[in-house]
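One structure below.
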Amino acid sequence: MGEADNRGGAAGYNYAHFDDYVAAGDDAADEAAFWASPRAGQRAPDFTLPRLGDGADVTISDLWRSKPLVMEFGSFT
Amino acid sequence: MFIYTREAHPGENVPGHDSFERKLACAKLLREEAGIGRDILVDDLDGTMHRAYGLMPNMTWVIGRGGRVAYKANWTSAANVEAFLARFLAAGSEHPTGTMPVMYETQQAEFRYPDRKRFTEHLSRNGPQAAAEFERAQQLWAGRPPP
């Protein structure tokens with residue numbers, strides 16, 4: 001799992017170099033985290049995040065209360 | 001809904017986030033460059049929501065009405081999500097009279113066909129670091145034993 005000391009914090013999460021991240025095996029650890037996350041049929045974790053643009057807090061359980069919610073995760077790169 | 005997480009391939013132009021303000025600025029850059037019209041929610045600097053859903057860089061989840069996971073994929077295929085949604089939405093309304101839908105779970109391999117040259121060009125807009133580090137990562141992956 002690579003730099004185990006900082007994987008739990010912002011510095012480890014926001015790694016600076018992709019090759020170092022792979023060399024440490026953190027990509028494999030993250031894949032394992034995906035498979036350890038909730039399965040189909042299990043309750044989805046609820047969070048409140050700010051919406052880009054107006055900064056309004058959005059609680060995702062409010063979005064799936066009345067209809068299914070599709071969530072894509074990603075970044076600029 | 002789009003969840004902005006962390007930069008998978010940091011570079012000179014968009015480095016790894018060191019503040020929430022920088023993270024917001026990168027999310028705006030993504031919205032403008034990719035032309036994302038959906039609402040974008042920005043995770044916190046620690047990636048708390050991203051961790052809970054599994055840390056992959058471009059995954060898609062579908063949560064059913066009421067809050068139970070209906071679909072999770074560690075890579076996003078719009079066609080695959082659309083096909084699933086059509087079946088999922090039909091299950092609640094189009095079953096034969098006298099029957100009820102009963103959920104079961106599948107796990108299956110899917111395939112994608114990345115164009116490495118095009119992807120490297122895509123990374124290069126973030127400066128030479130992102131492309132060079134991906135090149136080295138490919139060498140590291142090639143040296144790994146098969147799973």
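So the sequences go chain by chain: A and B.
With the working numbering, letter number 29 in the first sequence gets 29, and the count goes up by one each step, no holes.
With the working numbering, letter number 119 in the second sequence gets 119, and the count goes up by one each step, no holes.
Ideal placement from N, C-alpha and C gives every residue a C-beta, glycine not left out.
TODO: With 8 Å as the threshold, decide whether the Cβ of B/ALA79 is near any Cβ in chain A.
DONE: No, its Cβ sits nowhere closer than 8 Å to a Cβ of chain A.
Task: Inter-residue Cα distance where the pair is A/PRO50 and B/GLY98 - done: In this model, A/PRO50 and B/GLY98 are separated by some 44 Å (Cα to Cα).
- [ ] Give the DSSP-derived three-state secondary structure of B/THR60 in the structure shown.
- [x] Strand, per DSSP.
Open item on the list: The beta strand (DSSP E) that contains B/ILE40, what's its start and end?
Closed with: It spans 40-42 - the beta strand (DSSP E) in which B/ILE40 sits, taken as one unbroken run.
Open item on the list: Below 7 Å on C-beta distance, what does A/ASP30 contact in chain B?
Closed with: The answer, in chain order, is LEU55, MET56.
Task: Residues that B/ALA73 bridges to, as DSSP identifies them - done: Beta-bridge pairing by DSSP links B/ALA73 to B/THR60.
Task: Proximity winner among B/GLU94, B/SER77, B/HIS9, B/PRO147, relative to A/ASP20 (alpha-carbon distances) - done: It is B/HIS9 whose Cα lies nearest to the Cα of A/ASP20.
Open item on the list: Judging by CA-CA distance, which residue of B/ARG51, B/ASN126, B/THR76, B/THR48 is the nearest neighbour of B/TRP61?
Closed with: Answer by Cα proximity: B/THR76.
Open item on the list: Can you tell me whether B/MET100 is buried or exposed? The criterion is at least 16 other CB atoms within 10 Å of its CB, across all chains shown.
Closed with: So B/MET100 counts as exposed.
- [ ] Could you pull out every residue in the same chain whose Cβ sits closer than 7 Å to the Cβ of B/HIS95, ignoring the five residues on either side in sequence?
- [x] Contacts found: PRO101.
Open item on the list: So that I know if they touch, is there some Cβ in chain A lying closer than 8 Å to that of B/TYR113?
Closed with: No - not a single Cβ of chain A is within 8 Å of the one on B/TYR113.
Task: Nearest neighbour of A/GLY53, chosen from B/PRO128, B/ARG51, B/LEU89, B/ALA27 [CA to CA] - done: Checked all of B/PRO128, B/ARG51, B/LEU89, B/ALA27; the closest Cα to A/GLY53 is B/ALA27.
- [ ] Using a Cβ cut-off of 7 Å, pull out every chain A residue sitting near B/GLU7, in sequence order please.
- [x] Result: SER75, PHE76, THR77.
Task: Whole-Å CB distance - B/LEU45 paired with B/LYS23, under 8 Å assumed - done: About 6 Å separates the beta carbon of B/LEU45 from that of B/LYS23, a gap short enough to meet the 8 Å contact definition.
Open item on the list: Can you tell me whether B/PRO104 is buried or exposed? The criterion is at least 16 other CB atoms within 10 Å of its CB, across all chains shown.
Closed with: The question names Pro, yet the displayed sequence has Tyr at residue 104 of chain B. By the neighbour-count rule (16 or more Cβ atoms within 10 Å), B/TYR104 is not buried but exposed.
TODO: Check B/ILE3 in the structure and name its three-state DSSP category.
DONE: It is a strand residue.
TODO: Ignore the nearest five residues each way along the sequence and tell me which others in A/TYR15's own chain have a CB closer than 6 Å to its CB.
DONE: Taken in chain order, the residues that qualify are TYR21.
Task: Option in A/ALA23, A/GLY74, A/GLY9 with minimal Cα separation from B/ASP18 - done: B/ASP18 has its Cα closest to that of A/GLY9, out of A/ALA23, A/GLY74, A/GLY9.
Open item on the list: Give me, in chain order, the residues of the same chain whose beta-carbon lies closer than 8 Å to that of B/ARG112; leave out the 5 immediate sequence neighbours on both sides.
Closed with: Scanning its chain for C-beta atoms nearer than 8 Å, with the 5 sequence neighbours on each side dropped, one finds around B/ARG112 the residues TRP75, SER77, in chain order.
TODO: Report the partner residues of A/GLY74 according to the DSSP bridge assignment.
DONE: A/GLY74 pairs with B/TYR4.
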